[in-house]
Structures are given as structure tokens and as C-alpha cells.
Ligand code: ADP
Ligand code: MG
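In our numbering, the protein residues as written are 979 to 1380.
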């Protein structure tokens, strides 16, 4: 089935042809007609890198009333980099149409944004800055028709929920709400209902959330030798992201790698916005081969040539794992994801990856550790597990900041 047969306008069909898309992906095949004909809200889930942006972007572009210079569509994303990327993708899908699309996000001067918002028809933004503009009265949503949450499960979790609710309150009753992500846990689906009217739920891939093209491995290595193993991975032809848990760690690791001759740079939320954009730009152009990043780069980022993703330490949960490794293996390309683990983390890791539906191999780079060492590590894990279970204190929910 072709893009034309899905009911898209000539302008949209021309735009995808110019972009070189030969046929729609599964999620596009299902979601495009639903948005075009229907009146319903939509929840869409499909693998990382399967074209969700165009799945909502193309039909929404077709439904925009070009003659009305008001904000008709608002797309929210969890990071600034993703807001920029989504606005660029929408611009490239717009073709010849005169539709004004702007990205607004924090860390940028507000003046130019205010001017741009005067004629914007599609706004893509991060929640904080969007709320800021709503508060100033420079972003008016009275004529909003489409409200899209990209990476919806992330947008509805603790860190963003309050902001999202406040933004919802600024939108008119009559609008269509759309939510997209590769991961849609059941609790999020239930929560999503709060914001939606009888949504059509399109689940494209329940069993395989990460494309099978991503070869997944873990390396079991003692913390002392972890850096050496990373260097061996990087030496084997590498263009990709090394994920760390903290901002400090990204900075230190990138510096150490640079001293060892790698073209590495850190990307984290402590950097000024211009520095963030320059760093990310150099990575996209291939000037930097190793991006050492926090989860600012985990969600939605599409750099099709990325060959590798490394988790420098164990991911916190299944969602984090999926979105990180989904930065490679985009749209049918091959990719490799390697996770570095201390010996006592292997068990926990296996339970984290169980839901991805793909086999994770133990890499031959793994160390053969002496039995006493393993046993010692196991005992330590058991002890901390024991403490965790029996201490009354519940882990506090924190606002996540990358
Ligand atoms: P997702 O949001 O599902 O992770 P994206 O929307 O970021 O995926 O799209 C991934 C990449 O695939 C982008 O570079 C996009 O331009 C490209 N793409 C989207 N649809 C198609 C298609 N039908 N054929 C080929 N490439 C496509
Ligand atoms: Mg996406």
C-alpha cells in the first residue's frame, strides 16, 4: 500500500517522495487513516525508529487550515534536542505548503520565540517553556485542534505530569489528543485515558519493541576493568552513544576518552543550550564519533547512521534500556547495543531485558572471574537486597533531571 492510497494529500505524497520514503511503515499504515478520517483520539505504539513522527505529522499537516494563523497543533517532547528534531522532520514533510512550524524550548532567548509564536500554526516544544509562554500570554491555545505527546509514557511520568496537566488546562475542550511511544506500560495507558476521549489504541509491536536488527550483548566485567573494555569496543569501528547515569560521569568519561585519542564529547543537561546544540550538531555531522550522554539523548533522537550504543553501567529499568538502545538500528539498519555489567548485576539485567523480546548475548569480552570473587559479589548483593526489603523506608520518588 502506498502513501497515496492512505488518503494523504498530493502535497504530502510529494513531500515523502522527495524524502525518499518508498512505502509507509506499519504504524503509518494504521495511524494515518485514523487521524485523517476519524474524529477520535489516538494512542500509537510501535518500535523505536519506525516512523512515528511522520505517522502523526503527515495527516496533521493535511488537516491544518493554512489560512488561519493560529496555533492549531501542539507537540510536546521531553527534551530540547527532540523538539528541534521533530520540528525539522515536520518542516521536511510540509513540502510546498505555507504552514508555520516553530520549536520552543528552554535555554534560548525568549524574544525571538515570542515573535515566532505570533504566526505559528504548529508548535513543538518542551513542557517548561511551553508553560512559560502560556503564562505570559504569548502562546494562545484557544484554537488548538491537535495535542500530541511524543514519548508519551515519559511525558506522563512523575517528572512532567504536573506541567502536562497545567498545559492541558490551557487547551480547549474540543481537540484531539494523540500519544505516541515505543513503550506503553499498562499504568500509562490507564493514566492516558484521563486526558482522552475513547482513544483508538494502535499497538503495532507488542512482542518486539526494539528492532531485531539491533544485536544486543552484555559484557560481564569487574568495575576496575570497565574502562579498558569500553576502549576495546570503541576501537572496533564506532559511531554512537555511550550512556552514563550522571552528568558528572559523562564529563569525566568524555575527558578521559579524549586524552586517550578518541573523538569524544559529553552531552548533558548542565551544559548551556548553545553548547548543547553545537555538541549535538558535531555528533550528527560525524565530527564527534563518541557522544557520552545522559538520558537527554535516550528518547526519540534519530541519527540514522549510529552503529553502536553502549550502556556504561546497568540501566535503571526496561524503558530506559529500550529507548537508549533504540538509538541504533533505525528503519531497518543494523546496529549493536552493548551493556557493561558488574558480575553481580547480570541477574538483574536479565530481568530488565526480558520484556524486549530479543535475546541478549554474553559477549566474549566478558572476564572470566575467579569463583571467590563471584561469590563475594553475590553475598554483597544478597545483603543489600535484604536491607532493601526489610527497611521500612520506601525509596523516595524524585523529579528526574538529566
Ligand atoms: P520513531 O519516532 O518511531 O522512533 P522516527 O519518526 O524518528 O521514528 O523516524 C525514524 C527515521 O525513519 C527518520 O529518519 C524518518 O525520516 C525515517 N522514516 C519515517 N518514515 C519512513 C518511511 N516510510 N520510509 C523510510 N524512512 C522513513
Ligand atoms: Mg519518535
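Here a beta-carbon is modelled for each residue, glycine too, at the ideal position from N, C-alpha and C.
Computed from a prediction, not measured in an experiment: that's the story for all the values here.
If you check the C-beta of residue 1020 against the ligand ADP, you find no heavy atom less than 8 Å away. The residues 1020, 1034, 1126, in chain order, have a CB closer than 6 Å to that of residue 1156 in the same chain once the five nearest residues on each side in sequence are set aside. Exclusion of the five residues before and after residue 1018 leaves 1012, 1154, 1175, 1176, 1177, 1178 as the residues of its chain whose Cβ lies within less than 8 Å of its Cβ.
In the assembly as shown, residue 1288 is a buried residue. Its beta-carbon has 16 or more other beta-carbons within 10 Å. Taking the Cβ of residue 1161 as the reference point, every heavy atom of the ligand ADP lies at 8 Å or farther away. The beta carbons of residue 1291 and residue 1217 sit about 21 Å from each other, so the pair does not count as a contact at 8 Å. The secondary-structure analysis by DSSP pairs residue 1180 across a beta bridge with 1022. Beta-carbon to beta-carbon, residue 1071 and residue 1279 are separated by about 18 Å, too far to satisfy the 8 Å threshold. Here the distance from the Cβ of residue 1309 to the nearest heavy atom of the ligand ADP is below 8 Å. Contact annotation, residue 1099 with residue 1042: C-beta distance approximately 6 Å; criterion of less than 8 Å satisfied.
With fewer than 16 other CB atoms across the displayed protein chains lying within 10 angstroms of its CB, residue 1168 is exposed. Between residue 1300 and residue 1180, the C-beta spacing is not below 9 Å. Distances from the CB of residue 1078 to the heavy atoms of the ligand ADP are all 8 Å or more.
Residue 1040 sits in a helix when the DSSP states are folded into three classes.
Counting the other CB atoms within 10 Å of its CB gives residue 1282 a total below 16, which places it among the exposed residues.
From the listed residues 1230, 1207, 1252, the smallest Cα separation to residue 1243 is found for 1230.
In the DSSP assignment, residue 1082 falls outside any alpha helix (DSSP H) and within the unbroken beta strand (DSSP E) covering 1079 to 1082. Below 8 Å, enough C-beta pairs join the stretch 1315 to 1329 and the stretch 1201 to 1210 to call them touching: three or more.
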